[in-house]
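Q: Residue numbering for the sequence shown follows this note's numbering, starting at 35 and increasing by one per position.
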Amino acid sequence: MEIPFNLPESWCWQKISSICEINPKNKLDDTLEISFVPMTLINSEFNNNFTYKLQKWKNVKSGFSHFSDNDIGIAKITPCFENRKSVIFKNLKNKYGAGTTELHILRINNKYIFNEYVFWFIKTDAFIKEGINNFTGAVGQQRIGKEFIAETLIPIPPLNEQRKICNSIHELMKKLDEIILNL
């Protein structure tokens with residue numbers, strides 16, 4: 035795989051599949067109440083908000099995506115992918131959830147990776163454009179595949195730098211919100 039560009043000395047390139055489990059499965063007690071998240075309850079753009087309905091695990095363990103607190107969900111179908119429908123799942127009922135099959139789920143499996151850094155990476159124009167170039171399926175039902183996610187290279191800085199980048203993004207988003215309020 036071709037390296038897109040040179041990185042600072044303390045950074046490295048990694049495939050998403052080397053830092054995340056993709057589309058993990060949860061094994062839970064059938065009676066456990068969990069969060070159920072259809073696509074309509076995930077906001078688009080950049081705000082990272084979602085809501086959920088409550089369900090018993092036995093009712094949603096088959097035929098749906100599985101996730102847990104701190105997992106990242108990425109819409110894989112058009113136009114949701116282009117609209118940046120993606121989220122970090124937080125404060126799920128009993129820490130677990132299930133939802134639309136039209137999500138790819140990323141579960142960070144490396145203590146040196148900050149999930150929010152990966153989340154902001156998948157919101158970038160470069161990632162979205164590359165995903166669109168890799169769509170499969172018929173028009174109106176096009177999707178990004180698991181292979182595209184797995185093989186995507188992400189530039190990884192040291193953990194403290196990942197946190198600084200995310201904090202800077204938060205500050206910029208706050209300033210944008212203020213500007214919008216004052217229009």
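Just so you know, even glycine gets a beta-carbon here, dropped at the ideal spot from N, CA and C.
Would you call Q175 buried or exposed, if buried means 16 or more other Cβ atoms sit within 10 Å of its Cβ?
A: Along the sequence shown, one-based indexing puts residue 175 at 141. Flag for Q175 reads exposed.
Q: Are K148 and C200 touching if we call contact CB-CB under 8 Å?
A: Locating residue 148 in the sequence shown gives position 114, counting from the first residue. Locating residue 200 in the sequence shown gives position 166, counting from the first residue. Going by the sequence as given, residue 148 is Phe instead of Lys. Yes, the Cβ-Cβ distance between F148 and C200 is below 8 Å.
Q: Does H204 pass the burial test, meaning 16 or more other C-beta atoms within 10 Å, or should it be called exposed?
A: Numbered from its first residue, the sequence shown carries residue 204 at position 170. Flag for H204 reads exposed.
Q: Taking only beta-carbon positions, decide if I108 is within less than 8 Å of chain D.
A: Here chain D cannot be found, since the structure has a single protein chain.
Q: Could you give the DSSP three-state label for K95: helix, strand or coil?
A: For the purposes of this step, residue 95 is taken as the residue at position 61 of the sequence shown. In this structure, K95 counts as coil in the three-state DSSP scheme.
Q: If you draw a straight line from the C-alpha of K145 to the C-alpha of Y151, how long is it?
A: Taking the first residue of the sequence shown as 1, we reach residue 145 at position 111. Taking the first residue of the sequence shown as 1, we reach residue 151 at position 117. Each residue's Cα considered, the two are about 13 Å apart.
Q: Could you give the C-beta distance for E136 and I111, rounded to a whole number, given that I count them as a contact under 8 Å?
A: Residue numbering aside, residue 136 sits at position 102 when the sequence shown is read from its first letter. Residue numbering aside, residue 111 sits at position 77 when the sequence shown is read from its first letter. Their Cβ separation, rounded to whole angstroms, is 4 Å, which keeps E136 and I111 in contact under 8 Å.
Q: Pick helix, strand or coil for R118, following the three-state DSSP scheme.
A: Within the sequence shown, the letter at position 84 stands for residue 118. Note: R118 maps to coil in three-state DSSP.
Q: From what residue to what residue does the alpha helix (DSSP H) around F155 run?
A: Taking the sequence shown and counting its residues from 1, one reaches residue 155 at position 121. Note, F155: alpha helix (DSSP H), N149 to I156.
Q: Which partner residues does K208 have in the DSSP bridge list?
A: Along the sequence shown, read from residue 1 onward, the residue named residue 208 stands at position 174. BP columns for K208 are empty, so no partner.
Q: For my contact list, F98 and I139 are in at a C-beta cut-off of 8 Å; report their separation, rounded to the angstrom.
A: As a first step, residue 98 is located in the sequence shown; it is residue number 64 there, counting from the start. As a first step, residue 139 is located in the sequence shown; it is residue number 105 there, counting from the start. The pair is not a contact, with the Cβ atoms about 11 Å apart (cut-off 8 Å).
Q: Please state whether DSSP places K160 in a helix, a strand or coil.
A: Residue 160 sits at position 126 when you count from the first residue of the sequence shown. Residue identity check: residue 160 is Ala in the sequence provided, not Lys. A160: helix per DSSP, three-state reduction.
Q: Only counting runs of 4 or more residues, tell me where the alpha helix (DSSP H) segments fall wholly within the stretch 161-195, in order along the chain.
A: 180-185
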